[in-house]
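Asks:
There are 2 protein chains.
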Amino acid sequence: MNEVTALLKKHTSIRKFTGQPVTDEQLHAIVESAQCASTSSNVQAYSIIRVADEHMKQQLSVLSGNYSYVLECPVFLVWCADLFRLHQAHALHEDAEPAYIGTTEHLIVATVDTALAAQNAAIAAESMGLGIVYIGGIRNHIAEVAKLLQLPKYVYPVFGMCLGYPDQQPGLRPRLPLAAVLHENTYDPERMTRPMEEYDRIIQQYITKRTGGKKTSTWSEDMTAKLKTPARLHMKSFLELQGFGTE
Amino acid sequence: MNEVTALLKKHTSIRKFTGQPVTDEQLHAIVESAQCASTSSNVQAYSIIRVADEHMKQQLSVLSGNYSYVLECPVFLVWCADLFRLHQAHALHEDAEPAYIGTTEHLIVATVDTALAAQNAAIAAESMGLGIVYIGGIRNHIAEVAKLLQLPKYVYPVFGMCLGYPDQQPGLRPRLPLAAVLHENTYDPERMTRPMEEYDRIIQQYITKRTGGKKTSTWSEDMTAKLKTPARLHMKSFLELQGFGTE
């Protein structure tokens, strides 16, 4: 294990921050690191919105699930998949609207580009002693968030991210056994069957301890609840309205 | 700039590898690093398939665009968004099929989870002196790839990744100016207008030099071509067939 893999392996999401500010210099170094991630055919199909305005942060905090840390973190970023910039590039050269901007392929490309860049940002931040947490809750009321951030067509908010100096030290959440996620040559559907019971037991112990017994569910129970509960059913129509994945 | 951000900033995709093998120990450390990335509500909705079989690598190489490095790299990984494992977890507790597995929200969650993990893997690999390149070409003939890898429903290949010791030193491709990707409070649609000409000039110089004059197009020209050319139009129907984004 080298210093970098040691850093990766001690990642844990931070939801409580000290008052110490993050400087513009730090933020720029983080964004520059993000930009160095791989990007499909150099499209760089993402934009980052730093929300510094207190009133807007408060609104985003409420819209994302009433998480206090969205409001209280020194830096709140919204990571957007962005094909609008490509649309502008196209407009420089062609009068017609771009014929294939709305393909599901481009939805995937822009979403992946955004995530790769964001993960570089997360690691850069952690290398500076900062902590981060991704905020998927930004999609809870995605249309309102898009309106608040004045997103044009061909831009959608994928997730938020809180950044700041950690004021807590949460434990590391155990992951699935390696054997459950790494397959050889072909996908082995039985690969998870045996490890599931073991992982259920491990995660149950972890979560019971972490929540002081308030939550005692296993991984498979949590996943079952997730798949039988409606959540963010507006995503399909919202994305189509924004011009993503229409074909 | 610290050691980690220095590593991130020197990333460049590697498409030529020495014969030096990557050990199982290295691969496992890379996958363990990948697993430490953030994951939405701990779903860990991805699987990694290491394709070591030479005949399969050859087929994948052809299907992905005839790239020799897919065949020649010491390790080829296919990164899959995976809701099948969640489906199995659900089957432990419920007789009925999971009601909400096919939502577009879950497509986004699984795709993002996969990309975050893969980017951690890329960085872990680079920290060991290895080089990587993402292979979006795996989606060129995605149905054939899925068949070859025996992917069940609720699994789709997002991208491939070649890993190995670099046998080339490509230059760093210049990125968009930071000001073009980082917005303040709201999305500024004018943010790219002025930097575009400048970036077009920079990337044209870079690409002309790198290709010895074989390619001389600007960024905005490349993006224009991308948006007016049909590519991977099968993605929508393929994903729906695999159970992704059906609602």
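Chains V and H are the protein sequences, given in the same order. Those letters in the first sequence? Residues 14 to 260, per our numbering, in order. Those letters in the second sequence? Residues 14 to 260, per our numbering, in order. Even for Gly, the Cβ is constructed at its ideal location relative to N, Cα and C. If you're wondering where the values come from, they're calculated on a predicted model, not measured in any experiment.
#1: Check the Cβ of V/P243 against every Cβ in chain H and list those closer than 7 Å, keeping chain order.
#2: Rounded to whole angstroms, what's the CA-CA distance from V/L96 to H/S250? Just pull it up for me.
#3: With DSSP as the reference, label V/G177 as helix, strand or coil.
#4: Please confirm if V/I332 has its CB atom under 9 Å from at least one CB of chain H.
#5: What residues in the region 54-77 of chain H have a beta carbon less than 9 Å from any beta carbon of chain V?
#6: With distance defined between alpha-carbon atoms, name the residue in H/P111, H/R207 and H/T259 nearest to V/D235.
#7: Considering only residues of the same chain and omitting the five flanking positions on each side of V/T221, which have a CB-CB separation below 8 Å?
#8: Kindly indicate the opening and closing residues of the beta strand (DSSP E) around H/I136.
#9: Measure from the C-beta of H/V122 to each C-beta in chain V and report whether the shortest distance is under 9 Å.
#10: According to a CB-to-CB cut-off of less than 7 Å, which residues of the region 28-49 of chain V neighbour chain H?
#11: With H/H103 as the anchor, note down where its alpha helix (DSSP H) starts and where it stops.
#12: Counting contacts by CB-CB distance shorter than 9 Å, is H/A156 in contact with chain V?
#13: With 16 as the cutoff for other CB atoms within 10 Å, does H/Q71 come out buried or exposed?
#14: Looking at the C-beta of H/Q132, does it have a partner C-beta in chain V at a distance below 9 Å?
#15: Go to H/S60, then tell me how far its beta strand (DSSP E) extends in each direction, as first and last residue.
#16: So with CB distances below 9 Å, who are the chain V contacts of H/Q181?
#17: Give the residues of chain V in contact with H/T237, contact being defined as C-beta atoms less than 8 Å apart.
#18: Look up H/G144 in the DSSP assignment and say whether it is helix, strand or coil.
#19: Does any residue of chain H have a CB that is nearer than 9 Å to the CB of V/G149?
#20: 9 Å is my cut-off, CB to CB: does H/K22 come that close to chain V?
#21: I'd like to know whether the C-beta atoms of H/I151 and H/S77 end up nearer to each other than 9 Å.
#22: Cβ-heavy atom distance between H/K249 and the ligand NAD below 8 Å?
#23: In the DSSP output, what is H/F172 paired with across the bridge?
#24: So V/L195 is in the beta strand (DSSP E); what residue range does that whole segment cover?
#25: What does H/F30 pair with, by DSSP beta-bridge criteria?
#26: Taking all protein chains shown into account, decide if V/Q182 is buried (16 or more other Cβ within 10 angstroms of its Cβ) or exposed.
#27: Mapping the DSSP letters down to three states, classify V/R186 as helix, strand or coil.
#28: Please name the residues in the region 208-241 of chain H whose beta-carbon is closer than 8 Å to at least one beta-carbon of chain V, in chain order.
#29: Thinking C-alpha only, which one of V/Y80, V/T231 and V/D180 is nearest V/Y147?
#30: Smallest Cα separation from H/E107: which of V/S233, V/L129 and V/R245?
#31: List the residues of chain V whose Cβ lies closer than 8 Å to the Cβ of H/Q163, in chain order.
#32: For the alpha helix (DSSP H) containing V/M209, list its first residue and its last residue.
#33: Helix, strand or coil, according to DSSP, for H/Q255 in the structure here?
#34: My output table needs one value for V/D201: the three-state DSSP class, helix, strand or coil.
#35: At a CB-CB cut-off below 8 Å, which residues of chain H make contact with V/E260?
Replies: Well, looking at it:
#1: Y113
#2: 21 Å
#3: strand
#4: There is no way to answer for residue 332 of chain V, as the model of chain V reaches only from 14 to 260.
#5: S54, N55, V56, Q57, Y59, S60, I61, I62, R63, V64, A65, D66 and M69
#6: H/P111
#7: K228 and T229
#8: Counting along the chain, H/I136 falls outside any beta strand (DSSP E), though it belongs to the alpha helix (DSSP H) covering T117 to S140.
#9: yes
#10: H41, A42, V44, E45, S46, Q48 and C49
#11: F97 to H106
#12: no
#13: exposed
#14: yes
#15: Y59 to V64
#16: In chain order: nothing, as chain V lies at least about 16 Å away.
#17: A102, H103, L105, H106, E107 and P111
#18: strand
#19: yes
#20: yes
#21: yes
#22: The ligand NAD is not part of this structure, which contains no ligands at all.
#23: H/W92
#24: L195 to E197
#25: H/P179
#26: exposed
#27: coil
#28: M209, I216, W232, S233, E234, D235, M236, T237, K239, L240 and K241
#29: V/Y80
#30: V/S233
#31: T199 and Y200
#32: T206 to R223
#33: coil
#34: coil
#35: L246 and K249
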